[in-house]
Each structure stands twice: as C-alpha cells, then as structure tokens.
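Notes to accompany the following structure.
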Amino acid sequence: MRRTDLDGHAFLPPDFPLPVDAPFTTATARAEAGLSVRDLGWLVDQGFLRRLIRSVYVATPIPDSLDLRCAALQLAVPPDAVVCDRHAGWLHGADMVLKPNEHIDVAPVCVFLPDPGRRLRNGLVASGERTFAVDDVVEINGVRVTSRLRTAWDLGRTRFVERSLSAMDQMLRLGRFSRAQLIAGVPRFRGMRWVTTLRATVSLVDGRAESPPESVLRLCWIQAHVPEPVPQLEVYDDLGTFVARLDIANPDLFLGAEYDGDEWHSSPEQQRHDRERRAVVAAETPYVVKVFRKEHLFGPRADAETVLRHAAIEARRRLGRPARI
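Our numbering runs 5 ahead of the 1-based position in the sequence shown.
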C-alpha cells in the first residue's frame with residue numbers, strides 16, 4: 006500500500022488490504038499487507054486508524070463498544086484470561102449491570118487471570134488475579150467469561166449494598182439460576198473482599214426488579230421497615246379487571262411505589278401517560294402510589310426511606326389500624 010493511495014479518502018476504503026470492520030494486530034498488518042509499525046503509526050496520525058491497545062488497531066469509524074474491546078482482547082491477552090464482573094454480566098445479557106451511560110463511555114473491561122502473580126496492564130482492562138472453580142468459567146464467542154452464577158456472586162461482593170443488590174437482581178432476572186443456588190454458594194467466598202455485603206444482600210435478591218433504581222427503591226422500602234415489598238405487583242379492580250402493574254407494592258396496606266427515571270418518564274407525553282395511569286389506579290383500586298425520582302434515591306437529599314415510612318403510617322390510618330410500622 007502506498008500512502009498516496011489514500012489521497013482524497015476520509016476513511017479507509019473497502020479494498021484496504023486489512024479488515025475495516027474489526028481489530029487486527031501489528032503481526033497481521035505486516036503479514037497480510039506488508040505494513041510496518043511506522044506505516045501503522047502514520048495511519049494513526051492521519052486519522053485512518055486508532056490503536057486500542059499495544060499492537061492492536063482498528064479503523065477509526067468503528068465505534069467503541071464492549072464487543073470491540075473483547076475482540077481486541079482476544080487478539081492481545083493470554084488465552085486463559087477471564088472477563089469478569091459487570092462486563093461479564095453485560096455479555097450474558099444483563100445490560101443494566103453496566104454503570105450509567107457506560108454503553109456510551111466504555112469503562113475498562115474487567116479481565117482477570119487465574120494464576121498468582123499475573124496481571125494484565127493496558128488501557129482497556131481493569132485487571133488482577135482470581136481463583137476460579139471449573140464451573141465458574143464459560144465461553145462466549147471465543148471469550149472466556151465468568152458464568153452467570155459466578156458473575157452474580159462477584160457483583161454482589163462490592164462495597165455498596167445498593168450496587169450489590171441491584172446487580173444481583175439483574176443477574177437473577179436472566180432466569181438461568183435460582184435464588185436458592187445464589188444463596189447456597191455464598192459460603193465459598195468466606196474471607197474474601199466485601200463478602201459481608203454479599204451476605205447482607207443475597208437474601209433480598211429478587212429477579213422481578215426491572216431496573217437498578219427499582220432495586221434501590223425496594224431496598225429503601227425494606228430499610229424503612231415497611232411490610233414486605235412485592236415487585237411488579239398487578240392490581241385489579243373490584244370486578245377482577247386488570248388495572249395496572251406497580252413497580253413495588255404491598256397488597257395488605259394497598260400501598261405502592263414507583264420509580265420514574267429520566268429515560269422513560271421525562272417527556273410531556275410520558276408524564277401525561279403516567280398521570281393518567283395513576284389516576285385510573287386511584288379511581289379503580291384502594292392503592293395509594295408514591296412516585297420517586299433519582300433525587301429521592303441518590304445523593305445528599307435522598308429521602309425515600311422517610312417518605313415510605315410516613316406513607317406506611319398513613320396507609321395504616323386509612324385502614325383503621327394502629328399508626329405504626
């Protein structure tokens with residue numbers, strides 16, 4: 006390839022002698038196209054390529070993604086490396102275990118090695134070493150990944166109970182292991198980092214939660230000592246006609262709670278639909294529904310527990326019961 010062949014091109018042309026839709030290595034560039042490291046450096050400088058990690062390149066128009074990073078890692082990391090934690094959950098289909106907006110601004114992929122003293126060091130990975138049982142590792146499209154169950158245990162071992170519970174909820178939601186299996190495996194992590202968080206939250210895991218904020222709202226409900234929260238509870242009118250499904254509710258108190266996230270509850274049309282739906286619930290059922298947004302669950306002004314505690318007292322009074330939790 007001569008550099009003049011690219012005159013007038015903004016991107017690599019389709020007949021470029023290397024993949025324009027997948028990453029490739031320096032060795033591949035040399036063997037298949039006769040390109041030297043200096044040639045690749047020039048292509049990077051001109052904006053035709055970008056370097057993902059050492060000796061791995063990709064055409065500039067290819068958007069950054071976990072798929073791309075895993076493909077690059079397949080070319081660059083040892084064959085026994087294992088993708089772990091939230092990125093393993095994402096690969097299994099639990100999209101919401103990623104951090105907010107991580108599908109846009111991709112964080113380093115969590116990759117660990119099974120042998121002591123080995124650690125990957127490059128800009129694409131957050132790495133370290135872990136011990137894996139035989140059943141802990143599976144393969145997805147040529148990438149070694151922790152199994153769904155092992156991923157759930159790993160995600161449950163984090164500093165914050167909110168993150169622990171919401172991630173395990175999403176993994177259980179996949180429907181590939183049971184809550185009993187999740188609980189039964191906890192003792193094997195005795196003495197490991199943040200296992201106390203795992204022990205505290207594993208009994209609260211519920212795969213019916215549809216999003217991490219719903220999991221956090223359910224945790225607030227529990228911590229407020231309000232009677233048992235039922236996720237995704239269907240409510241009916243006196244004739245047995247379906248009225249609505251509430252994010253969280255207690256059918257004994259006729260008390261419900263819903264989380265309105267910005268993505269699905271911010272436009273005028275969405276807000277109007279929410280108001281109309283809840284008006285029907287109020288008119289056709291005994292339920293009182295409290296609505297929560299991001300600021301009620303996260304940050305210095307979070308007050309969901311207080312609101313839920315007062316709501317439960319009001320619900321008891323409404324039903325003629327002692328005004329206590």
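Here a beta-carbon is modelled for each residue, glycine too, at the ideal position from N, C-alpha and C.
These numbers were taken from a predicted model, which means no experiment stands behind them.
- The shortest CA-to-CA distance from Glu215 to any of Arg314, Gly147, Gln186 and Glu263 is the one to Glu263.
- Straight-line spacing of the CA atoms in Arg135 and Gly212 works out to 27 Å.
- Distance from the CA of Lys295 to the CA of Pro236, rounded to the nearest whole angstrom, comes to 14 Å.
- Taking a 10 Å sphere around the C-beta of Asp159, we find 16 or more other C-beta atoms and assign the residue as buried.
- Linking Arg153 to Val82 through their CA atoms gives a straight-line distance of about 22 Å.
- Counting only residues of its own chain and dropping the five nearest sequence neighbours on each side, Val285 has a CB closer than 8 Å to the CB of Val248 and Ala249.
- In the DSSP assignment, Ile253 falls within the unbroken beta strand (DSSP E) covering Phe247 to Asn255.
- When the five nearest sequence neighbours on each side are left out, the beta carbons in the same chain lying within less than 7 Å of the beta carbon of Tyr241 are those of Phe247 and Val248, in order along the chain.
- In the three-state DSSP reduction, Ile58 falls in the strand class (E or B).
- The three-state secondary structure of Phe29, taken from DSSP, is strand.
- The Cβ atoms of Val87 and Gly94 lie no closer than 8 Å to each other.
- Assigned with DSSP and collapsed to three states, Phe117 falls in strand.
- In this chain, the beta strand (DSSP E) harbouring Gln237 covers Val235 to Tyr241.
- Ranking Thr65, Leu11 and Ser171 by CA distance to the CA of Val25 puts Thr65 first.
- Rounded to whole angstroms, the separation of the alpha carbons of Glu281 and Leu244 is 20 Å.
- With the rule of 3 Cβ pairs closer than 8 Å, the stretch 313 to 321 counts as touching the stretch 227 to 234.
- Within a 10 Å sphere around the beta-carbon of Gln186 sit fewer than 16 other beta-carbons, which makes this residue exposed.
- For the pair Pro218 and Gly180, the Cα-to-Cα distance works out to about 20 Å.
- Buried is the label assigned to Ile58, since at least 16 other Cβ atoms lie within 10 Å of its Cβ.
- Between Val221 and Val207, the C-beta gap is not smaller than 8 Å, which leaves the two residues out of contact.
- Your pair Thr30 and Val61 checks out as a contact, with CB atoms roughly 6 Å apart and the cut at 8 Å.
- DSSP places Ile188 in the uninterrupted alpha helix (DSSP H) bounded by Arg184 to Ala189.
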